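Residue numbers (my numbering): 1 to 308. We put the beta carbon where it would ideally sit given N, CA and C, even for glycine. Note that this is a predicted model, so its numbers are computed, not measured.
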Amino acid sequence: EDVDEIANWYGGYKVVGTHIRLFNDWSVVSYFRRGKFGSYWTAMTEIEDFQRVLKCEYVKFMFNDLLNNRVICIDTVTNPKMNHALRLKNFIDDPPLEDEGDDEEAWYFMQLLCNLGFLNVIHIRIYGDGLCLEIPNSEIGEYFARQLYDLEYYQKKYNFTNSNISLYKKTLNALSNVTFKKHLKAITKLFAGNTSLPENDIEFHRIILTLAESYRNFKLVNGSLYNKDVDRLITQVVRRDGSSLVIKVSFDKYSSQHCLQQIFDSEIIDKSNVEAMYVGLTIDKKKKVCASYLVNSENIDEAVNLCR
Numbered sequence: 001e002d003v004d005e006i007a008n009w010y011g012g013y014k015v016v017g018t019h020i021r022l023f024n025d026w027s028v029v030s031y032f033r034r035g036k037f038g039s040y041w042t043a044m045t046e047i048e049d050f051q052r053v054l055k056c057e058y059v060k061f062m063f064n065d066l067l068n069n070r071v072i073c074i075d076t077v078t079n080p081k082m083n084h085a086l087r088l089k090n091f092i093d094d095p096p097l098e099d100e101g102d103d104e105e106a107w108y109f110m111q112l113l114c115n116l117g118f119l120n121v122i123h124i125r126i127y128g129d130g131l132c133l134e135i136p137n138s139e140i141g142e143y144f145a146r147q148l149y150d151l152e153y154y155q156k157k158y159n160f161t162n163s164n165i166s167l168y169k170k171t172l173n174a175l176s177n178v179t180f181k182k183h184l185k186a187i188t189k190l191f192a193g194n195t196s197l198p199e200n201d202i203e204f205h206r207i208i209l210t211l212a213e214s215y216r217n218f219k220l221v222n223g224s225l226y227n228k229d230v231d232r233l234i235t236q237v238v239r240r241d242g243s244s245l246v247i248k249v250s251f252d253k254y255s256s257q258h259c260l261q262q263i264f265d266s267e268i269i270d271k272s273n274v275e276a277m278y279v280g281l282t283i284d285k286k287k288k289v290c291a292s293y294l295v296n297s298e299n300i301d302e303a304v305n306l307c308r
């Protein structure tokens, strides 16, 4: 069992066209020394401000998809010229934070991570220049998740207090029909006072995922790669015991009941999990929070409706 877990954490590196299995031997030795799994070697020393690059929307969506589906496909440059290198350098030095950037530059960046050994090539397109990439193991995945879901960043941006963060995590870890009122109260407390609301549900879902304890506790389901239709964005938080919390949020646009219905109308959510809570959430401009939720059921008419 330990051997399999070690392989999940520190193995998985592939040589295209072979069945060779490679491990990060430094991390394996570090695991035996410290007696716990973790990321021991991954430091993006080649890129000075990796988190800044992750603020780019194109890169965010690709990493969200990597952490969820473990695979993305990109177009690549097989014969790079000086102008490609300059575009990549400018992209890393000053990444676009909104949608005005070029997705080609984000692809160059992912190709760079592949060349540096942070991503595996699992498929080379026969027609056209393209690669399908995956995160090789949990060590790399945890590192990416820690960079992408940066709690300190959101704590400063929204003035989250340590006590409110702790309260939310406790309710998330103990979520049940009985404790859901506490969970709703915890969400309300996060955005109480002078704190501004997230600008959209994409931001809200990133906050929810950031507050999860580790990337193995959750997955982000967002329709399809590069899907920026916020009406389809749904977050699923999966805990270690296999139970899950599925959330669809709306900011002053739809009712919580409508959001709940969207979850069950979605084809991208696996509703076969017998231990699941489904939540439709709406937050208005006055920070009033309303929720409709179901536990282990798909009968929308039986949903419990709460407001705070």
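Rounded to the nearest whole angstrom, the C-alpha separation of ASP284 and ASP201 is 12 Å. The C-alpha of TYR158 lies about 38 Å from the C-alpha of ILE6.
Within the segment 146–202, the complete alpha helix (DSSP H) runs of at least 4 residues fall at 151–158, 162–173 and 180–190. The alpha carbon of VAL59 has as its nearest neighbour, out of PHE91, VAL28, TYR31 and ARG33, the alpha carbon of PHE91. For the segment 252–301, the continuous beta strand (DSSP E) assignments of 3+ residues that do not extend past its boundaries occur at 276–283 and 289–295, in sequence order.
Note that the C-beta distance between GLN51 and GLN147 is below 7 Å. According to the DSSP assignment, ILE72 belongs to the beta strand (DSSP E) that extends over 71–75. Between ASN115 and LYS14, the C-beta gap is not smaller than 7 Å, which leaves the two residues out of contact. C-alpha of GLU203 to C-alpha of LEU172: approximately 19 Å in a straight line. The Cβ neighbour count for HIS123, taken over all protein chains shown within 10 Å, is under 16; the residue is labelled exposed. For LYS81, the three-state secondary structure derived from DSSP is coil. When the beta-carbon positions are compared, SER256 and CYS290 come within less than 7 Å of each other. Taking 7 Å as the cut-off, the Cβ atoms of SER244 and GLN236 count as close. Nearest Cα to ASP25 within the set GLU139, ASN79 and GLU267: GLU139. Counting the other Cβ atoms within 10 Å of the Cβ of LYS156 gives fewer than 16, which makes it exposed. Distance between LEU190 and TYR154, taken at the CA atoms: about 11 Å. Judged by their CB atoms, GLU134 and VAL71 are nearer to each other than the 7 Å cut-off. Counting along the chain, LEU119 sits inside no beta strand (DSSP E), nor does DSSP assign it H or E at all.
The Cβ atoms of LEU260 and ALA303 sit closer than 7 Å to each other.
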